[in-house]
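Comments concern the structure below.
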Amino acid sequence: MNITLQVNGVEHQVGIDPGDLLIDTLRENLNLTGSKKGCATGDCGACTILLDDTPVTSCLVLSATAVGKEITTIEGLATNGDLHPVQQAYVDFSAVQCGYCTPGIIMMTVGLLDENPHPSDHEIREGLAGNLCRCTGYSKIMLAVRGAEMTMSEDS
Amino acid sequence: MAVISDVHRAVDLDDLLQRMAESEGRPRVLAGGTDLLLQYPAAEEESLALVDVTRVDALKRIEDGPDGLRIGAAVSLSDVMRSEPVLSRFGVLAEGAAVVAGPQIRNLATVGGNVCNASPSADTIPPLLVLNARAELRSKAGERSVALEEFFVGPGETVLEPGEILASFLLPWPQEDTVASYTKVSPRQAMDLAVVGVAVALERVDGKLVTRIALGAVAPTPLRATAAEEYIHSAGRLDEATAAEAGRLAEEAVSPIDDVRGSARYRRAMVRRVVARDLLRLYERLDGEVVA
């Protein structure tokens, strides 16, 4: 079947099978390989994207049901070459090690701060509970979320 | 291994029920997909036709009515746990929804899907049971309403007939002073299934204590611990001794299994302890006094 997906503000026509998962369509058909397919069971969060500004695991979404929704991936965050404040905070606080989980965690952080611009530590932990990182131990990730919170509240 | 042959995105309730009534291929309802998309490869059928219900507005509403709060089956768990009427009058359901998996999954998963998947460990089911929820079912042929306790037949099995869908839950308005809680016992604090789930509601009716206790992950279906409920009613008081006896009676009602998350013995012990503890905690909230 042929569908139209709206990804990072651009319309794409893609030919898919009805059972294709959004993570696969993004990576294999559209070459948007920033989102990672870690567990493919919704447990690791590495495939997190925004669907109509809501963070979801794209390994548990059929591409066919993403039609008509605005899809935002890690590739869509930077504007004119400038990193999104959340991306910049992850760089500045060295909250990235191997990097595999990072796109998913950044997308979740964007969704978290969008909904709750000044979360408590507990709310950050709850917000990122669906994202696994096996390198950092999460301490620097917590700092990066705080850093992003500060730059984003200065900007607004 | 099954493949998905078709995905129909229903536009409204009529379209949905029409599709479900078409006998060929016996379509399956696709809601959040967070359980279904992991399970279908193992389905017996060679191919599955899915009907997506997430664009059917009639299934996505939370509405006040004279007989109670009606929650559409396709309301996401995130929306359930943030709903003002749920938080103010049916907080125990918000507690259950909030401990399912993690935020990305709760944004996709629906309350109807959590129930229709009929996992013994589903976190919204014990809260719905102690709220006396009714399941409102629809098909092209008509509609019926069943008490949620009668909805489950076994693990993954419900009373839904071919062509029939779960449309909504009706939660009768509770008494003003009803208190309730949900305790999920699981090895990890997020992204895990319940080893034991305990929901308890407590209220006073005509001066008598009335409690409802529902247990998850300890039998083939979620269940009410009716002997424990009746014991508290007839004892007429809650203290360390009666709470402990209710815990013991609840334990007698369960038939847990051993699995990787916990042994049957552990599950039994936790049912006994958590039921007793939560009854006492709720009693303190009900009466505003500390039980000695």
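Residue numbers (my numbering), protein chains in the order written: chain A, 1 to 156; chain B, 1001 to 1292. All C-beta atoms, glycine included, are put in the ideal place defined by N, C-alpha and C.
For A:D155, which residues from the same chain have a beta carbon less than 8 Å from its beta carbon, with the 5 sequence-adjacent residues on both sides left out?
-> Correct list, in chain order: P85.
Nearest-angstrom beta carbon gap, A:G127 and A:P117 [assumed within contact, 8 Å] = Their Cβ separation, rounded to whole angstroms, is 12 Å, which puts A:P117 and A:G127 out of contact at 8 Å.
Between the stretch 1003-1036 of chain B and chain A, which residues of the former have CB atoms less than 8 Å from a CB of the latter, in chain order?
-> The stretch 1003-1036 of chain B vs chain A, Cβ under 8 Å: V1003, I1004, S1005, D1006, V1007, R1009, L1030, G1032, G1033 and T1034.
Could you say if the stretch 1094-1114 of chain B and the stretch 43-61 of chain A meet the contact criterion of at least three C-beta pairs nearer than 8 Å?
-> Proximity of the stretch 1094-1114 of chain B to the stretch 43-61 of chain A meets the contact definition, three or more beta-carbon pairs being nearer than 8 Å.
In three-state terms, what does DSSP make of B:G1102?
-> Here B:G1102 sits in coil by DSSP.
Assign B:N1114 to one of three DSSP states: helix, strand, or coil.
-> Annotated three-state conformation of B:N1114 is helix, per DSSP.
Top-ranked residue by Cα proximity to A:I23, from A:L50, A:S94, A:M1 and A:E11 = If we check each option's Cα against that of A:I23, A:L50 comes out closest.
Apart from the five residues on each side of it in sequence, which residues of its chain come closer than 7 Å, Cβ to Cβ, to B:R1268?
-> Contacts found: E1251, V1254 and P1256.
Integer Cβ distance of B:T1211 from B:L1279, believed to fall under 8 Å | About 7 Å separates the two Cβ atoms, so the contact holds.
In angstroms, rounded to a whole number, what distance separates the CA positions of B:A1264 and B:S1083?
-> Between the alpha carbons of B:A1264 and B:S1083 lies a gap of roughly 36 Å.
The stretch 1045-1062 of chain B touching the stretch 1006-1014 of chain B, judged by at least three CB pairs closer than 8 Å = Yes, the stretch 1045-1062 of chain B is in contact with the stretch 1006-1014 of chain B.
Taking C-beta pairs closer than 8 Å, name the residues in chain A that B:A1043 reaches, listed in chain order.
-> Counting only Cβ-Cβ distances below 8 Å, B:A1043 has no contacts in chain A at all, with the closest Cβ about 12 Å away.
To the nearest angstrom, how far is it from the Cα of B:E1161 to the Cα of B:V1185?
-> When rounded, the distance between both Cα atoms is 33 Å.
On the premise that B:G1247 lies in contact with B:R1272, defined as a C-beta separation below 8 Å, what is that separation, rounded to the nearest angstrom?
-> Separation of the CB atoms of B:R1272 and B:G1247 is rounded to 4 Å, and the pair is thereby assigned contact status at 8 Å.
Kindly indicate which three-state DSSP category B:L1037 falls into: helix, strand or coil?
-> Reduced to three states, the DSSP call for B:L1037 is helix.
Output the distance between the C-alpha atoms of B:V1080 and B:V1086, rounded to the nearest integer angstrom.
-> For B:V1080 and B:V1086, the distance between alpha carbons rounds to 7 Å.
What three-state label does DSSP hand A:Q87 in the structure shown?
-> Helix, per DSSP.
The beta strand (DSSP E) with B:E1084 in it runs from where to where?
-> Following the DSSP letters along the chain, one finds B:E1084 in no beta strand (DSSP E) but inside the alpha helix (DSSP H) bounded by residues E1084 to R1089.
When Cβ atoms are compared, which residues of the stretch 41-68 of chain A fall closer than 7 Å to chain B?
-> Residues T41, G42, D43, G45, T48, T54, P55, V56, T57, L60, V61, L62, A64 and T65.
Please look up how many angstroms separate the CB atoms of B:S1139 and B:M1020, rounded, as I've assumed it's under 8 Å.
-> Contact between B:S1139 and B:M1020 holds, with the beta-carbon distance rounding to 7 Å and staying under 8 Å.
Kindly indicate which residue of B:S1168, B:L1129 and B:T1124 has the alpha-carbon position closest to the one of B:E1143.
-> Among B:S1168, B:L1129 and B:T1124, the Cα nearest to that of B:E1143 is on B:S1168.
Local Cβ density within 10 Å of B:V1275, reported as buried at 16 or more and exposed below that | Its Cβ being crowded by 16 or more others within 10 Å, B:V1275 is buried.
A:M107 to A:L21 span [Cα, whole Å] = Looking at the backbone, the Cα of A:M107 and that of A:L21 are separated by about 18 Å.
Less than 9 Å separating the beta-carbons of B:L1137 and B:E1157?
-> Cβ atoms of B:L1137 and B:E1157: not closer than 9 Å.
Looking only at its own chain, which residues have a Cβ that is under 8 Å from the Cβ of A:L30, when we skip the five neighbours before and after it?
-> Hits under 8 Å: L5, V7, H12 and V14.
For B:V1195, does the three-state DSSP call read helix, strand or coil?
-> In the structure shown, the three-state DSSP call for B:V1195 is coil.
Does any CB atom of chain B fall closer than 9 Å to the CB of A:N2?
-> No, A:N2 does not count as interfacial toward chain B.
Kindly list the residues whose CB is nearer than 8 Å to the CB of B:T1221, restricted to its own chain and excluding five residues on each side of it in sequence; keep chain order.
-> Taken in chain order, the residues that qualify are A1118, P1120, F1152, V1153, G1154 and P1155.
Taking Cβ-Cβ distances shorter than 8 Å, what residues in chain A pair up with B:L1108?
-> Close to B:L1108, with beta-carbon spacing below 8 Å, are these residues of chain A in chain order: V56, T57, L60 and V61.
B:D1006 - DSSP class collapsed to helix/strand/coil | If DSSP states are grouped into helix, strand and coil, B:D1006 belongs with the strands.
Would you say B:T1054 reaches chain A, if we count a Cβ-Cβ gap shorter than 9 Å as a contact?
-> By this cut-off, B:T1054 is an interface position.
Sheet register partners of A:I71 (DSSP bridge) = Beta-bridge pairing links A:I71 to A:V7 and A:L51.
Between A:L143 and A:T79, what straight-line distance do the alpha-carbon atoms span, to the nearest angstrom?
-> Between the alpha carbons of A:L143 and A:T79 lies a distance of about 23 Å.
Going by Cα to Cα distance, which pick from A:D82, A:T25 and A:E115 is closest to A:C59?
-> Closest in alpha carbon position to A:C59, among A:D82, A:T25 and A:E115, is A:T25.
CB contact below 9 Å: B:Q1189 versus chain A | By the rule that beta-carbons nearer than 9 Å mark a contact, B:Q1189 touches chain A.
Do you know how far the Cα of A:C135 is from the Cα of A:C98?
-> Roughly 7 Å separates the two Cα atoms.
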